[in-house]
Amino acid sequence: MSSRFMNVDLVTNSGDTPNDRLAVLLGHLCSELDSGPDTFNINHARDLAHQAKNVIDGYDDYVVKHTSRHPPILDEMLKNGFEHDWEKVFEEGKTKFRLLPDMTAGGYEAVVLQHLARMSKAATILEIGMFTGTTTVSLALVPRVEKVVALELEGYLEEHNRPYFDRAGVSDKIDVRIGDALQSLDQLVRENACFDMVFLDADKPSYAKYFEKIINSSPSLLAKGGCIVADNVAWRGQLWLPTARTQ
1 MSSRFMNVDL VTNSGDTPND RLAVLLGHLC SELDSGPDTF NINHARDLAH
51 QAKNVIDGYD DYVVKHTSRH PPILDEMLKN GFEHDWEKVF EEGKTKFRLL
101 PDMTAGGYEA VVLQHLARMS KAATILEIGM FTGTTTVSLA LVPRVEKVVA
151 LELEGYLEEH NRPYFDRAGV SDKIDVRIGD ALQSLDQLVR ENACFDMVFL
201 DADKPSYAKY FEKIINSSPS LLAKGGCIVA DNVAWRGQLW LPTARTQ
């Protein structure tokens, strides 16, 4: 079958979502790769691979292009986050763990969180996992938000981020707590802290522990009618791909 007719077939039988289309493309590619040497078509396989790559490569760019503009301060923060020499920082002993540029939350994520904060009418927000502070500063920039408490393991990151908080004019709204997140949550319970919105964006294996601590704390860390937002819960497909947990 020529790639021209294959494209028509994929358009009409690939489901409604980009993931559906990707699954169909990869399914056809696997079938082509599994075919015998007498029927294998390298050009067809290459065409399917390119189509699949285009679906993936265009996804984030399209979303970013068609969403609301993120806060201007994020342009500088994102640039610095990707250019910063995190390996050198680790080698100098300034961080406990190797931090990677792609851990930085982008402008699209920041805008979504701002919308969620507005929709939930949040005045107090708890963030578990700060990294370069792009979401921290974005949440603090929402006019209704009075306080963002950010829990972060790496003390270096507060030093790195605080100048941006100052320039954004929201430094007084951001309370960074350095240390183990579970211990920091216990301290917040002792302080009778209560939050309208909680954003989880730390080590993924500990999400369940953070969630249970927040939900079961007494007094509750989550205000009545509050919401919990968790980033990347499908991380690397580990929930349904056991082999991904060891890779």
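Heads up: the sequence shown begins at 1 in the UniProt record's numbering, then just goes up one per residue. C-beta: ideal position from N, C-alpha, C; glycine also.
Mind pulling the alpha helix (DSSP H) runs of 4 or more residues that sit fully within the segment 74–156? Fully enclosed alpha helix (DSSP H) runs of 4 or longer: 86–91, 107–119 and 134–140.
What residue range is occupied by the uninterrupted beta strand (DSSP E) comprising Lys53? What you label residue 53 is simply residue 53 of the sequence shown in a count that begins at 1. Element bounds for Lys53: not the beta strand (DSSP E) but the alpha helix (DSSP H), Ile42 to Lys65.
Under the three-state DSSP convention, the category Ser3 falls into: Counting from one through the sequence shown, the residue named residue 3 turns up at place 3. In this prediction, Ser3 has a pLDDT of 43, which is less than 50 and means its spatial position is unreliable; what the coordinates show is noted afterwards. Of the three classes helix, strand and coil, the one that applies to Ser3 here is helix, per DSSP.
Helix, strand or coil at Asp20 according to DSSP, with G and I counted as helix: Start at 1 with the first residue of the sequence shown, and residue 20 comes out as number 20. Asp20 falls in the helix class under three-state DSSP.
Classify His28 as buried or exposed, calling it buried when 16 or more other Cβ atoms lie within 10 Å of its own Cβ. As a first step, residue 28 is located in the sequence shown; it is residue number 28 there, counting from the start. It is buried - the Cβ of His28 has at least 16 other Cβ atoms within 10 Å.
With distances taken Cα to Cα, identify the nearest neighbour of His115 among Val89, Gly106 and Val142. Looking up residue 115 in the sequence shown gives position 115. The shortest C-alpha separation from His115 is found at Val142.
Can you check DSSP and say which residues form a bridge with Val233? Taking the sequence shown and counting its residues from 1, one reaches residue 233 at position 233. Val233 pairs with nothing; no bridge assigned.
Let me know if Asn216 comes out buried or exposed under the rule of 16 or more other beta-carbons within 10 Å of its beta-carbon. In the sequence shown, counting from the first residue as 1, residue 216 sits at position 216. That one is exposed.
Per-residue DSSP class, three states only, for Val8: The residue given as residue 8 occupies position 8 in the sequence shown. The predicted position of Val8 is uncertain, since its pLDDT is 43 and thus under 50; no value can be drawn from it.
On the DSSP letters alone, give me the boundaries of the alpha helix (DSSP H) that Leu221 sits inside. In the sequence shown, counting from the first residue as 1, residue 221 sits at position 221. For Leu221, no alpha helix (DSSP H) run applies, since DSSP gives it neither H nor E.
Would you kindly check if the distance between the Cβ of Phe199 and the Cβ of Thr135 is under 8 Å? Residue 135 sits at position 135 when you count from the first residue of the sequence shown. Residue 199 sits at position 199 when you count from the first residue of the sequence shown. Judged by beta-carbon spacing, Phe199 lies within the 8 Å limit of Thr135, meaning their Cβ atoms are closer than that value.
Contact check, Leu86 vs Leu100, beta carbons under 8 Å: Looking up residue 86 in the sequence shown gives position 86. Looking up residue 100 in the sequence shown gives position 100. Reading off the sequence, residue 86 comes out as Trp, not Leu. Their beta carbons are under 8 Å apart, which means Trp86 touches Leu100 by this criterion.
Would you kindly check if the distance between the Cβ of Asp196 and the Cβ of Ile125 is under 8 Å? As a working note, residue 125 is residue 125 in the sequence shown. As a working note, residue 196 is residue 196 in the sequence shown. The answer is yes: Cβ separation under 8 Å.
Assuming contact is defined by CB atoms lying nearer than 8 Å, are Ala176 and Ala150 in contact in what I supplied? On the sequence shown, residue 176 is found 176 positions in, with the first residue counted as 1. On the sequence shown, residue 150 is found 150 positions in, with the first residue counted as 1. One point to set straight first is that residue 176 is Val, not Ala, in the sequence displayed. The answer is yes: Cβ separation under 8 Å.
Opposite Cys227 in the DSSP bridges: which residues? The count along the sequence shown starts at 1 and reaches residue 227 at position 227. When beta bridges are read from the DSSP output, Cys227 appears opposite Met197.
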